[in-house]
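Protein chains in written order, with numbering that gives the first Met the number 0: chain H, 0 to 456; chain Y, 0 to 363.
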Amino acid sequence: MRSGSLQRTANVAVTGSYDRMDQVGRMIRTRGFKHGGVPVPHRVPFKTGPIENAFLPKNAVVMLKDTRDAVEPLPVVYVGQEVRESQLLAKSAGRGSSNVHSPIPGIVRRIDSTMTPGGFESRAILVSLEGSFSVLGKRPERYLWKSLNKADISHIVQEKGIVRISTGEPLAEIIAERASRPGFVLVISALEMDPYRRTEEELLAIRPEDIVDGCAIAARMALPSRILLAVDEHISAGTVEQLQKVIAASELDIVVQPFKRRFPQDMTRQIAEALDIADAGTLFVLEPSTLIALHEAVVANKPHVEQYVYVGGGAIKHPAILKARIGAPIGDLIEECGGFSGHPDTIVIGGPLRGRAAADLDVSVTRTTRAVLALTVEETKSAPERSCVRCGDCITVCPEGLDPHAIFKLLRAGRTADAVASGLALCSLCGSCAYACRSRIPLVQKFDAARRNEELR
Amino acid sequence: MISKVVPSTSHPPYIHDWRTSARAVWICTFSLLPIVIWSSIIYGHTAVAVWSVALGTSLIAEAIASGLLRRWTLGDGSAVLTGLLVAATMPPGVPLYIPAVSAAFAILVVKTAFGGLGTNWMNPALGGVAFAYANWPVAMREYVLPSLVSGVDGVSASTPLSFAKGLTGGLDARVMDALRGSAYPLSGIDSTITGFLNDYVFSRLGARLPDGYIDLAIGLKPGTLGESALLAVLAGSVVLMGLRLIKPLIPVAMLTVFAVLARLFGTGLPGESFLGGDALFALSSGGVMFAAFYMASDPVSSPLGRVNSLVYGAAIGALCFIFRRWGTYSEGVVYAILVMNVMTPFIEKGTLSLTRARGRLPSA
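Structure below.
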């Protein structure tokens, strides 16, 4: 942010249309990280509108773990037990675990080990729909949270099992960790750097009051030194204007900062680099959807049993954002969006660049499911794997300034130590190199596997 | 198991860039088509025969290689491209067993013996051409005048470059004047276009374009097939660089260094002065442009990284100039690229320590 009229005019001349004004009329320059990255200028058109609630699933499969390394929560229900909507199913049992609630009223049918969409083992609780709504069907209650102190809020957040939607870590835990190390920047990141997802941006347009209020709750809990709202450079001017009004009406000083549309701008280190912050550890990134969950927990006493999911991709008839219950099978969501319109090549959960493929349509929505994409062959552009032709594209796009081609060759030769010396440990597994690879070599998979082996030793 | 995902058979990212190695090769191949067509027009059936023999042999050789490697590799298009590149460095009237044997050598020995596309340490086409030069030095240097200039097939003549190098009499400072002074053939098209340009464009700027450059640009002079369409080569280079299919730094560095050296040290005419060389003539003769965009920038045999590309390109430009200015043969560019192909690992190793020192990497 620059002040002074001379510099302001100079700024307009240099960066032209990328400039925006914040609420006091200061110039905000669009920022981006310095080297590497994949430009994603194209966005699949999306018809905006109110977000619909998805139908209740007949069977909900609720995963107990949201991250690979978490301690598994302990089930507090037994098979055959009747549960109410939002009733506690499993209780947090240690680091990384959070309370799990029933998304639907019904009967606990099974408690069984399964594979999560994230690709790790977890126990899951199967609840069959039966009985009537008790909480979520009613009008939400509204508590005035301003009278609550930090400990009270933290207790509610923990009780309601709110997790950070991007990573699945318990929100109460990571906020407490942050609060113990003051002087950080809270970044509300609505950045979705792929052609499809736009949940966060839609939420900014539809529920700005709740997001800013949720931000105030998070700020009360963790006391950040400043707050930044990271938005896409192509966000509609109307949304920004509305946000500015809401922010001005609140007590918070939130700076709306546009970022260049270049993958992986949404990763913490790239946000820090774009902001010229040397230590990415001083950033605390939360998504608007997480803030809405936080807000609903504190203000409406609602546990984390619902999730905004973008359902789209070239093979989906009517792409939409749905508010789905946790545990609902993704097939139900796809059906609700009109089903398939073409032949899907891959069904991806999470996002096209860092997500995971679903084996079938029974995979359930978890608290970290942000998108379900049915992609056609034209979109995946998959091709047979060939040997490296040394085109150098992976080096050009690597946002960490590494040489993925060299690391890959070292790994293939079994020289893991040399690969680590060439920067394997600095790799963020963002997938830019594998996206650009002309020979379709699964570089990220190789790097991920090698790193895991290295950690095990 | 209540639900499952595939953990290992598929992996992110699920969307990709449109470029694939096969597609890059095919686009490169199709960008050669104008050259194939134009050379066939100006040289007639002799050119068509060389193109098709080289192409056919390389396809057969690749099929044999596929069988040997037990891997179907004809789809990646590299055999078609190699065949066309081998033909492009041949003179049109060459005996047909030469392109055939060269293409087979390129595919079977230079490429397949080292593991196929991606692992060859030398550009296959250039390897094949070097083989031909070594085996049939006379036949490979027998050039003919395009039938469009002479009106009859098979009038042998030397290329402008070797002709200019052989000039001893006269004290002309400019290559084109020296060629005209020695009655080197000039097409009617050239004199018409040059006259038009001089009358309407250059006269107003107070300049004059000597006769002969238009012949070089449209291939109406003796030369290899690839040299015959300089304008098509330039158009192809725009396509390849615009689609980011080749590393642009290599040809740019190569041509810059080559042109500067040519300007400094000239072509070797008796009357030439230091700093008075004809860079335009140097660039538009001897197949330098074709080699720069279609051979030097071959990704497999060139080094990776910006600094490496610059070093590699500049070294090719310098070597090519040295071979052409003081060497015996005018096809120096082929050997310049081959030498640097071999040097590629050395360049990459040399700059590795440099990048380590600057980057965030721990030194090892």
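Idealized CB from N, CA, C, for every residue including glycine. None of these values were measured; they are calculated from a predicted model.
- Contact between the region 225-232 of chain H and the region 185-194 of chain H is present: 3 or more CB-CB pairs across the two stretches fall below 8 Å.
- In the DSSP annotation of this structure, the continuous segment of the alpha helix (DSSP H) that includes N134 of chain Y starts and ends at P123 to N134.
- With fewer than 16 other CB atoms across the displayed protein chains lying within 10 angstroms of its CB, W17 of chain Y is exposed.
- Flagged as an interface residue toward chain Y: Q444 of chain H, by a C-beta distance shorter than 8 Å.
- The DSSP-derived three-state label of I216 of chain H is helix.
- G400 of chain H has its alpha-carbon roughly 9 Å from the corresponding atom of G422 of chain H.
- Residues of chain H whose Cβ lies closer than 7 Å to the Cβ of R18 of chain Y are, in chain order, R437.
- By the C-beta density criterion, I36 of chain Y is exposed, having fewer than 16 other C-beta atoms within 10 angstroms.
- Here the region 302-321 of chain H makes contact with the region 37-54 of chain H; the two share three or more CB pairs at distances below 8 Å.
- Under the Cβ criterion of 8 Å, I14 of chain Y is counted among the residues facing chain H.
- Relative to L80 of chain Y, the option among Y:I346, Y:Y293 and Y:R324 whose CA is nearest is Y:Y293.
- With a minimum length of 4 residues, the unbroken runs of alpha helix (DSSP H) contained wholly in the region 191-254 of chain Y fall at 212-217 and 229-241.
- Taking 3 residues as the shortest admissible run, the region 298-327 of chain H contains the following complete beta strand (DSSP E) segments, listed from N- to C-terminal end: 305-311 and 319-324.
- Classified as exposed, F273 of chain Y has fewer than 16 neighbouring CB atoms from the shown chains inside 10 Å of its CB.
- A contact between stretches requires three or more CB pairs, one per stretch, nearer than 8 Å, and the region 59-67 of chain Y fails this requirement with the region 250-259 of chain Y.
- Going by DSSP, V284 of chain H is part of the beta strand (DSSP E) stretching over L282 to L285.
- Rounded to the nearest angstrom, the gap between the Cα atoms of P38 of chain H and V78 of chain H is 50 Å.
- Residue-level contact check: K380 of chain H touches chain Y, since one or more beta carbons of chain Y fall below 8 Å from its beta carbon.
- Interface criterion not met: the Cβ of H41 of chain H is under 8 Å from no Cβ in chain Y.
- Under the DSSP definition of a beta bridge, F262 of chain H partners with H:V37.
- Closest by C-alpha distance to A327 of chain H, out of H:R83, H:T47 and H:V126, is H:V126.
- Across the set Y:Y142, Y:V306, Y:V49 and Y:T118, the C-alpha of Y:V49 shows the shortest separation from the C-alpha of A102 of chain Y.
- When Cβ-Cβ separations below 8 Å define contact, T118 of chain Y makes contact with chain H.
- The alpha carbon of N122 of chain Y has as its nearest neighbour, out of Y:I192, Y:F195 and Y:L107, the alpha carbon of Y:L107.
- At a cut-off of 8 Å between C-beta atoms, R94 of chain H does not count as an interface residue with respect to chain Y.
- What Y434 of chain H touches in chain Y, judged by beta-carbon distance under 8 Å, is P12, I14, H15 and D16, going in chain order.
- In chain order, G276 and R324 place their CB closer than 7 Å to the CB of F264 of chain Y, counting only its own chain and leaving out the 5 sequence neighbours on each side.
- In the three-state DSSP reduction, I440 of chain H falls in the coil class, being neither helix nor strand.
- Note: F339 of chain H is bridge-paired with H:I315 in the DSSP secondary-structure output.
- By the criterion of a C-beta distance shorter than 6 Å, K220 of chain Y is surrounded in its chain by P159 and D214, once the five residues flanking it on both sides are discounted.
- The secondary-structure analysis by DSSP pairs A317 of chain Y with nothing; it has no beta-bridge partner.
- In this structure, P298 of chain Y lies away from V396 of chain H, with their beta-carbon atoms at least 8 Å apart.
- Setting aside the 5 residues that flank it on each side, I173 of chain H is surrounded in the same chain by R163, each with a C-beta closer than 7 Å to its C-beta; the list follows chain order.
- The Cβ atoms of R439 of chain H and A382 of chain H lie closer than 8 Å to each other.
- When CB distances to chain H are screened at a threshold of 8 Å, the residues of the region 69-90 of chain Y falling below it are D75, in chain order.
- Apart from the 5 residues on each side of it in sequence, T111 of chain Y sits with its Cβ closer than 7 Å to the Cβ of A64, L67 and L68 in its chain, given in chain order.
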